[in-house]
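Residue numbers (my numbering): 63 to 381.
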């Protein structure tokens with residue numbers, strides 16, 4: 063069993079105050095919360111680790127025992143490997159310190175998965191809050207989870223949408239419900255609909271439904287995280303002399319982009335805040351990157367040809 067460095071998990075010093083621990087926890091919990099990182103297994107794992115560390119370090123009694131354990135970890139590890147008696151009393155006063163999350167909140171986010179590590183359960187018992195002792199209790203039976211794929215356009219992923227899902231039970235009956243898909247959702251994200259899975263044949267709660275998001279390719283925009291990229295045709299004359307071109311965006315009418323004189327092929331311009339919104343924080347948006355695609359004329363009038371020939375002659379004389 064691996065020793066868990068809870069101080070390193072929260073990024074605080076061993077002598078950090080309770081307020082410093084609380085502040086570090088809140089900052090990291092906001093960053094790695096599963097609702098803000100749908101489908102990101104690494105973020106979900108990190109979020110669990112952060113909550114476990116806070117559960118111990120925010121409780122004075124648990125923190126005292128953890129600090130004592132840390133100084134003698136090798137002795138405990140050897141005792142455990144030898145099969146000898148290995149106990150750790152956790153009878154501290156209930157309700158001390160800051161509560162990390164309630165079991166109901168973890169159930170809503172993670173379903174039946176255990177939020178704490180083997181290390182935590184070995185030394186601090188099986189539950190939330192100060193003073194709880196004992197090992198994990200068996201969970202009631204529940205139906206199996208079901209996964210479906212849902213196709214979205216980039217426009218739907220940009221603004222968020224709702225999908226009506228029809229689930230067919232094993233007895234052939236159907237159940238219909240709506241699932242909200244947040245604005246800014248990423249391709250491959252996994253969205254959980256609690257209770258939308260298969261029923262439990264033993265009478266327990268139904269499993270969950272997981273929607274795997276698949277975003278269809280867009281004919282114009284290419285997504286890069288929360289940024290969007292596109293190519294815009296720019297006439298040769300505008301590229302040489304400067305001017306403006308019309309640039310499509312996802313959230314309204316096209317915008318006008320200024321093209322400076324002597325703009326070359328492939329030059330990229332950034333439109334701040336015109337990319338995809340961030341899940342859970344729709345006011346935070348990525349950028350739009352616009353690359354110049356020089357547009358050659360497909361045919362020339364006699365007058366246009368004369369002007370191009372005159373320009374060619376002028377360039378030849380000035381070389």
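Glycine included, C-beta positions come from ideal geometry on N, C-alpha and C.
{"Check": "Buried or exposed (CB count within 10 angstroms, at least 16 for buried), residue 175", "Outcome": "Below a pLDDT of 50, predicted positions are generally treated as unreliable, and residue 175, at 48, falls in that range; no measurement from the model is reported."}
{"Check": "N- and C-terminal bounds of the alpha helix (DSSP H) containing residue 364", "Outcome": "364-380"}
{"Check": "Cβ-Cβ distance between residue 341 and residue 244 below 7 angstroms", "Outcome": "yes"}
{"Check": "Beta-carbon proximity list for residue 322, same chain, < 6 angstroms, skipping 5 on both sides", "Outcome": "304"}
{"Check": "Short Cβ contact (7 angstroms threshold) for residue 254 with residue 241", "Outcome": "no"}
{"Check": "7 angstroms CB neighbourhood of residue 97 in its chain, flanking five on each side removed", "Outcome": "342"}
{"Check": "As assigned by DSSP and simplified to three states, the class of residue 320", "Outcome": "strand"}
{"Check": "Touching by the beta-carbon criterion (3+ pairs, under 8 angstroms), the region 254-267 and the region 287-294", "Outcome": "no"}
{"Check": "Completely contained alpha helix (DSSP H) runs for the region 212-253, where each covers 4 or more residues", "Outcome": "216-221"}
{"Check": "Residue 76 in three-state terms, based on DSSP", "Outcome": "coil"}
{"Check": "Enclosing beta strand (DSSP E) for residue 295 [first to last residue]", "Outcome": "289-297"}
{"Check": "Buried or exposed by the 16-neighbour rule on C-beta atoms within 10 Å, applied to residue 90", "Outcome": "buried"}
{"Check": "Terminal residues of the beta strand (DSSP E) in which residue 331 lies", "Outcome": "330-333"}
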